[in-house]
Structures are given as structure tokens and as C-alpha cells.
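This note's numbering applies: residue 2 is where the sequence shown begins, and numbers increase by one.
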Amino acid sequence: MPDPELKEWIALLKDALLGLAAIVTIFVGVYGVRAWKRDLVGKEVYAAARKLVKESHLVCRAARTLRQPLWAYDKRQFTDEEIEHTTESERWRLSEAEGYKAKIEKFAEELKRYESAKLDLRVLVGSKIYEGFLPFGRSLAESIERVNAYLDLLQDFSNTYFPDSPQIIEAQRQLYPSDNLDDDLSQNLADSREEGEVLLLSHLHRKSIYG
Numbered sequence: 002m003p004d005p006e007l008k009e010w011i012a013l014l015k016d017a018l019l020g021l022a023a024i025v026t027i028f029v030g031v032y033g034v035r036a037w038k039r040d041l042v043g044k045e046v047y048a049a050a051r052k053l054v055k056e057s058h059l060v061c062r063a064a065r066t067l068r069q070p071l072w073a074y075d076k077r078q079f080t081d082e083e084i085e086h087t088t089e090s091e092r093w094r095l096s097e098a099e100g101y102k103a104k105i106e107k108f109a110e111e112l113k114r115y116e117s118a119k120l121d122l123r124v125l126v127g128s129k130i131y132e133g134f135l136p137f138g139r140s141l142a143e144s145i146e147r148v149n150a151y152l153d154l155l156q157d158f159s160n161t162y163f164p165d166s167p168q169i170i171e172a173q174r175q176l177y178p179s180d181n182l183d184d185d186l187s188q189n190l191a192d193s194r195e196e197g198e199v200l201l202l203s204h205l206h207r208k209s210i211y212g
């Protein structure tokens, strides 16, 4: 029959082992939760960064479309009565103004999605990403400003403008200097967007914006 003192030591050893097991279980549980949280946040950041890259591409393309000349389907179709009571110049101004207002509305929707994606990532990783896209934002703003400058002319009925008026031609030149929009603003849009994407590479598990 075991010695009472030995029994006591065995009981104490069991208690110690149980306590140690409990501590190990707690440690493993806490570590596991932390690892799970890190993994979850990592996946959220990756998804948010991926979405921001996509939206930056879309809004960049939308900014180029915003500045392009109106196509035939963009222009207002006037009724016979409207034609009878307006001049060709008046109809041209109305059509141009309405067409570019519609373009701005479409662009605003793309811009809203881009800004939302940027905010989502900023919440997860801080303001560094937001600051990295500021130059791109300035180029987007300049695109809108050029369209608004053109609209201001078209809607200034205190002056008479025609399609070949110098002020109109200059405003159009600022909008679309060529069919390819190969001007400094277009280049700045592309370059600043890429600079913003470079800051996302670590979150996208990539070393280059090209793959």
C-alpha cells in the first residue's frame, strides 16, 4: 500500500501537470487566435488592395473618356420644333453642354467607387496609401477642371460663341489635344496611378506592377 506521503506527492504532481496543461492550452489558444486574426487581416488587406488597383485603373480610363470629344450618340437629338426655334450655333452649344454634363455624371460614379476603395484600404493600413495616391487625385481633379472650364464657356450666354471661336478651340485643345490624348495630363494620370500601385505591392504579394 503506497505511503501516505507518496500519495500526497503524486496528488501534487497531478495538480501541477494539470495546471501546466491548462497554461499550455491557454497559451496555444491565445497564439492561435492571434495567428487567425493576423491571417484574417492579411486577407482583408489583400482584397482591399486588389480592389483599389482595379478601381484606380477604371477611374483613370474614365478620366480619359471624360475629356474625349462627343460621339454622335452622345449628342442631343433635337425635335423639328426645337430646330425651328433655335439657330445651329445654339443647338451646338446645348448639345455640347448636355453631352459633357452627362460625361461628368458617369465619371462621378467611377470616382465614387475609387474613393470608397481607397478609404477601405486606408482604414486597414493607415494613411500612407492615401497619401501615395494624392498625385493621382490631383490629376483626376485637373481632368474635371478642364471639362468645367469648357462648360463655363458653353453656358456663358452673355457671349456669342461658335464652334470655331478662338476661346472654344483653345478650351477643346485643353480637353483633347489629339485623338490619342497624348499630353502631359494623360501622362501624369498614368504615371501617378502607377506610383500609387507601387505602394500596394507588398500587400499584393508582388514585386512589380507588371506581375
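Idealized CB from N, CA, C, for every residue including glycine.
Asked	Found
Flag this pair as yes or no: are the beta carbons of R147 and L176 separated by less than 8 Å?	yes
Confirm, please, whether the CB-CB distance from I130 to L201 is below 8 Å.	yes
Measuring only the C-alpha atoms, how far is G138 from L122?	16 Å
Does the beta-carbon of V42 have 16 or more other beta-carbons within 10 angstroms, so that it is buried, or is it exposed?	Any answer about V42 is weak, because its pLDDT of 47 lies below 50 and its placement is not dependable; what the coordinates show is given next. V42 should be labelled exposed.
Under 8 Å, do L67 and S144 count as touching if we go by C-beta distance?	yes
Look at the alpha carbon of V54 and the alpha carbon of P136, and state the distance between them as a whole number of angstroms.	15 Å
If distances are taken between C-alpha atoms only, which option among R62, D75, P70 and R92 comes closest to E110?	R62
Run through DSSP, which three-state label would H204 get?	helix
Mind reading off the beta-carbon distance from V60 to L141? Whole number of angstroms is fine, and I expect it under 8 Å.	7 Å
Helix, strand or coil for P164? Go by DSSP, reduced to three states.	coil
May I ask you to report which of helix, strand or coil DSSP gives Q156?	coil
Which one of Y151, S179 and E91 has the shortest CA to CA distance from P167?	Y151
What did DSSP end up calling Y211 once you bin it into helix, strand or coil?	coil
What's the call for A118, buried or exposed, on a 16-neighbour Cβ count within 10 Å?	buried
Closest to S193 by CA distance: which of V126, H58 and F79 is it?	H58
Near S128, what residues of its chain come up, given a Cβ to Cβ distance below 7 Å and the 5 sequence neighbours on each side ignored?	none
Are the CB atoms of F108 and G197 nearer to each other than 8 Å?	no
Alpha carbon to alpha carbon, how far is L125 from V31? Give it in angstroms, no decimals.	Note on V31: pLDDT 47, under 50, position unreliable in the model; the coordinate value appears next. Near 22 Å, if we compare the C-alpha coordinates of L125 and V31.
Specify the secondary structure class of K55 as computed by DSSP and reduced to three states.	helix
Shortest alpha-carbon distance to Q173 belongs to which of R114, S159, N149 and E195?	N149
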